[in-house]
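So the protein lines, in turn, are chains F and V.
Read in my numbering, the first sequence has 648 at position 45, and its numbers run on one by one without any break.
Read in my numbering, the second sequence has 251 at position 115, and its numbers run on one by one without any break.
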Amino acid sequence: MSTLRLLTVGTLLHVKQISRSPFEIAIALVVPVVQATLAVYLFRSSGEQHRLLEAAVGAGVMGVWSSVLFGSGGAIQGQRWQGTLEMIMLAPRRPVLVVLPITIATGLTGTYALLATLVWGRLLYGIRLDFAHPAAFVVAAVVCVVALGMFGLLLAATFVLMRNANALANTLEYPVWLVSGMLVPITVLPAWTTPIAAVLPTTWGARALREATSGGPVWPSLGICLGISLLCLVLGGFALTHVERRARAAATLALA
Amino acid sequence: MGSAYAIEAEELRRTYRARTGWLKPRRTEVEAVRGVTFTVGRGELFGLLGPNGAGKTTTIKMLNTLLIPTSGRARVCGHDVERETREVRRRIGYVFGGDRGLYDRLSALDNLRYFAELYAVPAREQKGRIAELLDLVGLAGRERERVEGYSRGMRQRLHIARGLLHSPDVLFLDEPSIGVDPVAARELRRTVADLASTGTTVLLTTHYMAEADELCDRIAVIADGCIQALGTPAELRRRAEGRRVVEVEAYGVPESAVDALRGLPGVRETAVEARGALQLLTVHSDAHVDVQSDVLRELAGIRLGRVDSREPTLEDAYVAIVSAAA
Ligand SMILES: Nc1ncnc2c1ncn2[C@@H]1O[C@H](COP(=O)(O)OP(=O)(O)OP(=O)(O)O)[C@@H](O)[C@H]1O
Ligand SMILES: [Mg+2]
């Protein structure tokens with residue numbers, strides 16, 4: 604009970620903290636427009652309305668991923684700067700309970716990017732928002748956000764330890780977009796990416812959303828996405844406990 | 137519970153290892169704390185004094201579980217800081233000076249609510265506890281404003297409220313009065329004294345000697361990572377017994393003149409402190425030697441302000457201990 608409250612209150616307050624950042628607000632205003640435009644111009648040639656919506660959804664998921672990636676890295680790094688990392692790690696709680704609300708919060712703020720991309724796509728380019736399975740789409744979106752949050756937790760474990768976390772984050776943005784087929788179908792990618800794609804929860808999340816958009820069996824992909832994410836949660840939990848100890852030995856919780 | 141002491145530190149050591157440079161990594165090692173041993177009784181108010189870089193913060197962070205000691209052992213409320221981390225964390229509060237450590241874009245209330253959850257303060261007690269603490273630190277009425285708009289002293293007070301949320305048995309205060317105005321600092325001292333009188337154990341670091349003198353039951357002076365002296369303020373003051381202190385306000389004292397003072401018969405220590413345009417010279421001497429006239433002779437030709445000869449204070453004792461260690 605107290606754990607659930609901690610997760611809820613923690614997530615809400617971190618959403619508040621993140622969404623008030625001027626940097627985040629600027630990004631939130633610009634990026635969705637760019638993504639919607641990108642989606643439209645990449646796929647307009649194919650002429651199919653459904654492909655357009657699919658592309659917009661894909662672009663939106665990229666937004667969620669970017670938010671989680673930079674959020675988990677940025678939030679940990681930012682909190683190191685603010686001096687709050689030490690304070691929250693000092694709480695008598697499992698590290699996973701302390702960090703998970705942060706990464707889920709980044710997923711939630713990322714959802715805004717997904718929605719905004721769709722809205723801009725509708726307003727600017729007249730993309731028709733007729734989803735094949737609207738209800739499934741909503742469920743898939745929610746699962747996707749939570750899943751990415753859990754994946755972010757695994758990343759965050761690395762970020763707690765590394766003082767140069769941002770450098771790692773920068774290199775992970777585009778590869779994961781591509782490999783997990785958020786924008787282009789995996790089938791057009793070279794074969795060696797397939798196994799990588801198969802273990803990334805982002806692949807299955809993006810696929811479930813695509814299936815909900817243009818028709819397909821949504822639930823299997825969503826189930827796999829959730830399964831992999833839960834695995835990430837368990838691994839991330841263990842990793843964080845280990846990493847927290849390492850960080851206390853190496854003195855990397857604080858800046859100096 | 138069990139142990140008679142709130143804090144026990146045994147031969148604590150901490151070395152920081154850092155690697156600098158990517159291409160040609162160079163290892164640097166800093167021995168920040170080198171074998172510190174002391175105990176703090178339950179309900180005691182214990183001061184840790186020492187110059188910048190002496191190892192005070194490092195010692196505190198080993199005791200509050202943020203750093204694992206390189207060697208040595210420490211227990212807080214009978215629990216080992218390295219192995220029984222969560223047991224220790226439940227019982228301690230940590231407040232450090234400066235304006236970091238808070239969520240700037242959240243209100244004070246949100247900050248406190250979040251930490252109340254982190255510290256598992258029961259839901260139905262939270263509201264009352266938070267209101268009580270806001271009142272205690274004088275932030276009531278402004279708790280809905282974002283922290284980014286707070287002054288330094290207000291942030292510091294919010295820090296203190298946060299550290300007290302879960303009514304800790306042991307409170308670590310690392311320079312809590314930095315940037316706090318004199319009136320607020322006085323209130324802060326009263327709060328700390330009240331906490332100690334109601335049974336909270338407090339470990340305090342500060343650079344304000346008067347504050348340490350007023351508050352602390354016992355003080356450890358730490359320099360260069362080692363404890364140089366430990367005792368009640370009165371005992372430490374006695375370290376400077378048999379001394380007399382001459383203070384001279386001067387304008388533009390050359391290094392050579394200070395060196396000359398150091399060489400005078402009977403002089404034990406000299407210190408120069410810049411205070412705006414003027415410099416404050418402090419000369420410690422044996423009590424039975426009157427060095428004032430000698431000092432003034434050495435300073436002939438230099439513009440002088442107030443000249444004063446007095447009994448040593450805790451600050452003088454501190455200066456004596458620290459400069460003996462150097
Ligand atoms: N994270 C770190 N990495 C490397 N060296 C460190 C680190 N933290 C502290 N040090 C070094 O350890 C020594 C002791 O530092 P510490 O912060 O404990 O001093 P302090 O007594 O608290 O000083 P102050 O009065 O300035 O707060 C200093 O030489 C400092 O440079
Ligand atoms: Mg310090």
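Ideal Cβ placement from N, Cα and C applies to all residues, glycine included.
Are the segment 294-313 of chain V and the segment 402-419 of chain V touching by the rule of at least three beta carbon pairs closer than 8 Å? Output reads no: the segment 402-419 of chain V does not touch the segment 294-313 of chain V.
Enumerate, from N- to C-terminal direction, the unbroken alpha helix (DSSP H) stretches of 4 or more residues contained entirely within the segment 713-747 of chain F. Taken in chain order, no unbroken stretch of alpha helix (DSSP H) lies wholly in the segment 713-747 of chain F with a span of 4 residues or more.
Under 8 Å: does the beta carbon of V/THR156 sit that close to some heavy atom of ligand 1? No; taking the cut-off as 8 Å, the Cβ of V/THR156 has no heavy atom of ligand 1 nearer than that.
Applying a beta-carbon distance threshold of less than 8 Å, which residues of chain V neighbour F/LEU609? Neighbours of F/LEU609 on chain V, chain order: GLU253, LEU254, ALA256.
If V/VAL443 sits next to V/ALA407, beta carbons under 8 Å apart, how far is it from one beta carbon to the other, in whole angstroms? In this structure V/VAL443 is not in contact with V/ALA407, their Cβ atoms being roughly 16 Å apart against a cut-off of 8 Å.
Assign V/SER421 to buried or exposed, taking buried as 16 or more other Cβ atoms, counted over all protein chains shown, within 10 Å of its Cβ. Answer is buried; the Cβ neighbour count reaches 16.
The alpha helix (DSSP H) spanning F/ARG849 covers which residue range? DSSP places F/ARG849 inside the alpha helix (DSSP H), whose first and last residues are 821-853.
When burial is assigned at 16 or more other CB atoms within 10 Å of the CB, is F/ARG849 buried or exposed? Exposed, because fewer than 16 other Cβ atoms sit within 10 Å of the Cβ of F/ARG849.
Residues of the segment 671-687 of chain F with Cβ closer than 7 Å to any Cβ of chain V, in chain order: From the segment 671-687 of chain F, only GLN685, GLY686, THR687 have a Cβ closer than 7 Å to chain V.
At a Cβ threshold of 9 Å, is F/GLY840 touching chain V? With 9 Å as the cut-off, F/GLY840 does not count as an interface residue toward chain V.
Quick check: is the beta carbon of F/ALA854 nearer than 9 Å to any beta carbon in chain V? Chain V has a Cβ within less than 9 Å of the Cβ of F/ALA854.
According to a CB-to-CB cut-off of less than 8 Å, which residues of the segment 201-217 of chain V neighbour chain F? Cβ contacts with chain F come from THR201, LEU202, LEU203, ILE204.
Contact test: V/LYS192 Cβ vs ligand 2 heavy atom, cutoff 8 Å: For ligand 2, at least one heavy atom lies less than 8 Å from the Cβ of V/LYS192.
Compile a chain-ordered list of the residues in the segment 625-645 of chain F whose CB is closer than 8 Å to at least one CB of chain V. Taking 8 Å as the Cβ-Cβ cut-off against chain V, none of the residues of the segment 625-645 of chain F qualify.
With distances taken between CB atoms, is the gap from F/THR712 to F/ALA631 smaller than 9 Å? Against a cut-off of 9 Å, the Cβ pair of F/ALA631 and F/THR712 comes out as a contact.
Any Cβ of chain V within less than 9 Å of the Cβ of F/ILE691? Taking a beta-carbon distance threshold of 9 Å, F/ILE691 counts as an interface residue toward chain V.
Cβ of F/SER605 less than 9 Å from any chain V Cβ? Output row for F/SER605: interface = yes.
Taking F/THR714 as the reference, which of F/ILE691, F/GLY663, F/THR706, F/LEU693 has the closest Cα? If you compare the alpha carbons of F/ILE691, F/GLY663, F/THR706, F/LEU693 with that of F/THR714, the shortest gap goes to F/GLY663.
Please list, in chain order, the chain F residues whose beta carbon lies closer than 8 Å to that of V/TYR286. Per Cβ cutoff of 8 Å: no residues; V/TYR286 is ~14 Å from chain F at best.
Would you kindly work out how many angstroms separate the C-alpha atoms of V/ARG241 and F/ARG623, rounded to a whole number? So the alpha carbons of these two residues sit roughly 6 Å apart.
Buried or exposed: F/ALA859, going by 16 or more other Cβ atoms within 10 Å of its Cβ? Residue placement at F/ALA859 is flagged as unreliable, the pLDDT there being 43, under the threshold of 50; a coordinate-derived value is accordingly withheld.
In DSSP terms, what V/PHE232 is bridged to: Paired residue(s): V/ASP310.
Count the other C-beta atoms from every protein chain shown that fall within 10 angstroms of the C-beta of V/ASP317, then say buried if there are 16 or more, exposed otherwise. V/ASP317 is exposed by the Cβ-count criterion.
Rank V/ILE358, V/ARG265, V/GLY299 by C-alpha distance to the C-alpha of F/MET899 and give the top, closest one. The requested residue 899 of chain F does not occur in the structure, where chain F is confined to residues 604 to 859.
My output table needs one value for V/TYR95: the three-state DSSP class, helix, strand or coil. The structure shown does not extend to residue 95 of chain V, since chain V spans only 137 to 462, so no value can be given for it.
I believe V/LEU450 touches V/ARG373 by the beta-carbon criterion, under 8 Å. Please report the beta-carbon distance rounded to the nearest angstrom. The C-beta distance from V/LEU450 to V/ARG373 rounds to 5 Å, short enough to meet the 8 Å contact threshold.
In chain V, what lies closer than 8 Å to F/ALA694 by C-beta? Those within 8 Å of F/ALA694 in chain V are ARG225, PHE251, LEU254, TYR255.
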